[in-house]
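Here's the structure, in structure tokens; my notes come after.
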Amino acid sequence: MARDGQGLEVSNAGKEAIASLDFLRDEWLGFGNRLAEFIAAADKEASCAMLPVMAANLSLSMYSNDSREAARRHLGRAKGLAAEANAREKAWLATTEAWIDGDTDRCLAIHEQMVDEWPRDLLAGKIGQLHAFNAGDAEALLRIGERLFAANQDNRYVKAIYAFGLEECHRLDEAEKMARAALEIDRRDPWAHHTIAHCLEARGKMLEGIAFLQSMSDTWESCNSFMYTHNWWHLALFLIDLDRADEALGLFDRRVWGVWKEFCEDQINAVSLLARLELRGVDVGGRWTDVAPYLRPRLHEHFVPFLDLHYLYGLARAGEQSPVTEMLASLEDRAENTKPFEREAWADCTVPAAHGLAAYAKGDHAEAARLLGQAMPHLPKIGGSIAQRSLFGAIHLDALMKSGWNDAALKILQADDRERPTVPWTKRSLGDLYRRVGRMEQALAAEYQAEQLARQYAKGRPT
Ligand SMILES: [Fe+2]
Numbered sequence: 015m016a017r018d019g020q021g022l023e024v025s026n027a028g029k030e031a032i033a034s035l036d037f038l039r040d041e042w043l044g045f046g047n048r049l050a051e052f053i054a055a056a057d058k059e060a061s062c063a064m065l066p067v068m069a070a071n072l073s074l075s076m077y078s079n080d081s082r083e084a085a086r087r088h089l090g091r092a093k094g095l096a097a098e099a100n101a102r103e104k105a106w107l108a109t110t111e112a113w114i115d116g117d118t119d120r121c122l123a124i125h126e127q128m129v130d131e132w133p134r135d136l137l138a139g140k141i142g143q144l145h146a147f148n149a150g151d152a153e154a155l156l157r158i159g160e161r162l163f164a165a166n167q168d169n170r171y172v173k174a175i176y177a178f179g180l181e182e183c184h185r186l187d188e189a190e191k192m193a194r195a196a197l198e199i200d201r202r203d204p205w206a207h208h209t210i211a212h213c214l215e216a217r218g219k220m221l222e223g224i225a226f227l228q229s230m231s232d233t234w235e236s237c238n239s240f241m242y243t244h245n246w247w248h249l250a251l252f253l254i255d256l257d258r259a260d261e262a263l264g265l266f267d268r269r270v271w272g273v274w275k276e277f278c279e280d281q282i283n284a285v286s287l288l289a290r291l292e293l294r295g296v297d298v299g300g301r302w303t304d305v306a307p308y309l310r311p312r313l314h315e316h317f318v319p320f321l322d323l324h325y326l327y328g329l330a331r332a333g334e335q336s337p338v339t340e341m342l343a344s345l346e347d348r349a350e351n352t353k354p355f356e357r358e359a360w361a362d363c364t365v366p367a368a369h370g371l372a373a374y375a376k377g378d379h380a381e382a383a384r385l386l387g388q389a390m391p392h393l394p395k396i397g398g399s400i401a402q403r404s405l406f407g408a409i410h411l412d413a414l415m416k417s418g419w420n421d422a423a424l425k426i427l428q429a430d431d432r433e434r435p436t437v438p439w440t441k442r443s444l445g446d447l448y449r450r451v452g453r454m455e456q457a458l459a460a461e462y463q464a465e466q467l468a469r470q471y472a473k474g475r476p477t
């Protein structure tokens with residue numbers, strides 16, 4: 015029986031099939047831009063089921079109707095080659111089928127079992143983490159990382175995978191240490207860069223975050239569009255919090271939008287960055303109308319609620335009223351027909367959040383505050399990372415402030431300021447709110463601190 019580079023048995027595999035599977039593992043875990051080469055190899059493969067089954071998983075991770083149809087074709091071919099499939103390969107077939115059916119709860123359960131039984135199967139862990147991520151299950155994200163790490167302690171990809179699970183469970187010190195340990199093995203690990211960006215963002219260490227990401231950005235040229243645009247997106251977030259929104263807008267034009275406009279991940283990075291810039295008062299010009307045509311085909315997809323909310327907001331800000339209305343109705347149908355495990359995500363969160371975002375985009379701030387307020391307690395269930403989801407919290411906060419719900423807004427801002435006391439915008443907004451509620455002493459203190467921080471950051475700004 016042939017074995018891949020991780021020592022896993024692969025049925026009916028010749029040397030080329032093993033080389034392709036090893037290539038896929040490194041390329042996927044390293045976020046490389048040559049994954050299409052694996053699809054081509056899988057299309058040619060005539061005996062080993064693992065190639066088409068992994069091609070199906072790769073297609074599914076693209077989250078579009080076309081890629082799901084491609085996955086169906088790959089899975090059909092895999093089943094035709096699977097007469098001698100071993101237990102691990104049967105598990106892959108089962109999880110792929112469940113993913114095509116939209117049964118991500120079952121996918122996650124299968125991946126957790128796979129990681130228990132075959133912890134050397136790194137893609138079983140990586141894709142398991144993807145399902146956990148989309149379900150907003152941070153504990154599962156961490157569990158998978160822990161199990162992989164226990165069996166692959168010297169593997170830099172595994173350290174980065176584990177580090178992200180730690181970060182999403184708020185274990186920031188351990189996460190950063192683990193990600194930096196991955197970089198000691200190979201400084202080019204973009205997923206480790208990404209986790210460190212999350213850790214620094216969560217602590218409000220913007221200057222450190224920019225210096226770190228800039229120092230690693232030379233290694234991202236061979237990354238796929240998701241990783242490339244997403245790490246630059248993280249750098250833009252640091253710039254926005256340093257009152258350097260003009261530079262963040264420049265990054266949008268040069269790095270974040272335009273690599274692969276048809277890809278969902280590029281689209282949500284773009285929507286999220288434009289939205290965050292507008293929240294800080296930046297005029298983004300005609301950029302929404304450039305993004306919107308790529309969102310229009312996605313009205314009825316509903317792969318992951320977190321993706322849908324970005325699409326909807328992008329369309330709403332572009333003024334595409336008819337697609338927005340159609341998508342809102344489609345989301346309501348999706349929520350009504352949902353499976354029990356995803357009811358909270360679609361019905362309790364996504365539907366009110368989507369209506370709230372549409373209201374906010376039209377300037378109906380009181381309605382937006384009310385609807386987003388309903389959705390907020392359920393927000394982790396929509397999937398995505400803490401940093402990504404924070405966009406919706408920021409829009410909710412802005413709606414509260416603009417509609418005069420001062421006490422509610424104040425509580426959120428005070429919590430933000432406790433977590434990240436280094437952001438001038440938070441201090442300025444606090445100052446504004448304290449003034450509105452007549453707490454002048456606190457208003458003056460917050461405004462003074464905002465000025466001090468802004469002055470300090472202006473000194474370090476490149477000229
Ligand atoms: Fe991220």
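Under the working numbering, the first residue of the sequence shown carries the number 15, and numbering increases by one thereafter.
Cβ atoms here follow ideal geometry from the backbone N, Cα and C, with glycine treated the same way.
Every value quoted in this text rests on a predicted model; they were computed, and no experiment measured them.
query: Among Met76, Thr109 and Arg161, the one whose alpha carbon lies nearest that of Leu89; result: Thr109
query: Alpha-carbon spacing of His324 relative to Ile282, whole angstroms; result: 6 Å
query: Residue of Asp412, Ala123, Ala105 and Ala55 minimising C-alpha distance to Ala289; result: Asp412
query: DSSP state of Val451 mapped onto helix, strand, coil; result: coil
query: beta-carbon Ala408 near ligand 1 non-hydrogen atom, thresh 7 Å; result: no
query: Limits of the alpha helix (DSSP H) - the one that Asn351 falls within; result: Where Asn351 is concerned, there is no enclosing alpha helix (DSSP H), given that its DSSP letter is neither H nor E.
query: Nearest neighbour of Arg48, chosen from Gly179, Glu235, Ile199 and Arg403 [CA to CA]; result: Glu235
query: Minimum length 4: unbroken alpha helix (DSSP H) runs contained in the stretch 253–327; result: 259–265, 278–293 and 301–309
query: Which residues DSSP lists as bridging Glu23, in chain order; result: Arg17
query: Cβ shell of Ala60 (< 6 Å), same chain only, five flanking positions each side left out; result: none
query: Cβ shell of Lys173 (< 6 Å), same chain only, five flanking positions each side left out; result: Met192, Ala195 and Ala196
query: Spatial distance of Arg170 from Ala343 (CA atoms); result: 45 Å
query: Cβ-Cβ distance between Ala149 and Met128 below 8 Å; result: no
query: Cβ separation of Glu182 and Ser399, assumed to be a contact under 8 Å, to the nearest whole Å; result: 6 Å
query: CA-to-CA distance, Leu186 to Trp302, given in whole angstroms; result: 34 Å
query: Beta-carbon separation (whole angstroms), His208 vs His244, contact threshold 8 Å; result: 7 Å
query: First through last residue of the alpha helix (DSSP H) which encompasses Pro204; result: Pro204 to Ala216
query: Cut-off 7 Å between Cβ atoms - residues of its own chain near Pro337, not counting five sequence neighbours on either side; result: Arg310, Leu313 and Leu329
query: Asn26 burial status per 10 Å Cβ neighbour count (16 or more: buried); result: buried
query: Contact between the stretch 378–395 and the stretch 356–366 (3+ Cβ pairs under 8 Å); result: yes
query: Closer than 7 Å: Gln402 CB and nearest ligand 1 heavy atom; result: yes
query: Residue environment, Gln463, which counts as buried when at least 16 other CB atoms sit within 10 Å; result: buried
query: Identity of the residue in Leu287, Gly264 and Tyr242 nearest Leu251 by Cα; result: Leu287
query: Through-space distance from Glu198 to Ser229, alpha-carbon basis; result: 15 Å
query: Coil, strand or helix - Cys62 by DSSP; result: coil
query: With 16 other Cβ atoms within 10 Å as the buried cut-off, status of Arg475; result: exposed
query: Distance cut-off 7 Å: His324 Cβ against heavy atoms of ligand 1; result: no
query: Cut-off 6 Å between Cβ atoms - residues of its own chain near Phe163, not counting five sequence neighbours on either side; result: Val172 and Tyr176
query: Start-to-end residues for the alpha helix (DSSP H) that takes in Trp106; result: Ala101 to Ile114
query: Range of the contiguous alpha helix (DSSP H) that encloses Val437; result: Run containing Val437: none; DSSP gives neither H nor E here.
query: Sub-8 Å separation of Ala259 and Arg294 beta-carbons; result: yes
query: Cβ neighbours of Leu156 in the same chain (closer than 6 Å, five flanking residues each side left out); result: Gly179 and Cys183
query: For Gly452 and Ala154, the rounded distance between their alpha carbons; result: 46 Å
query: His184: CB within 7 Å of a non-hydrogen atom of ligand 1; result: no
query: Stretch-stretch touch, CB-based, cutoff 8 Å, three pairs: the stretch 60–73 with the stretch 91–104; result: yes
query: Secondary structure, beta strand (DSSP E): runs of 3+ residues fully inside the stretch 65–102; result: none
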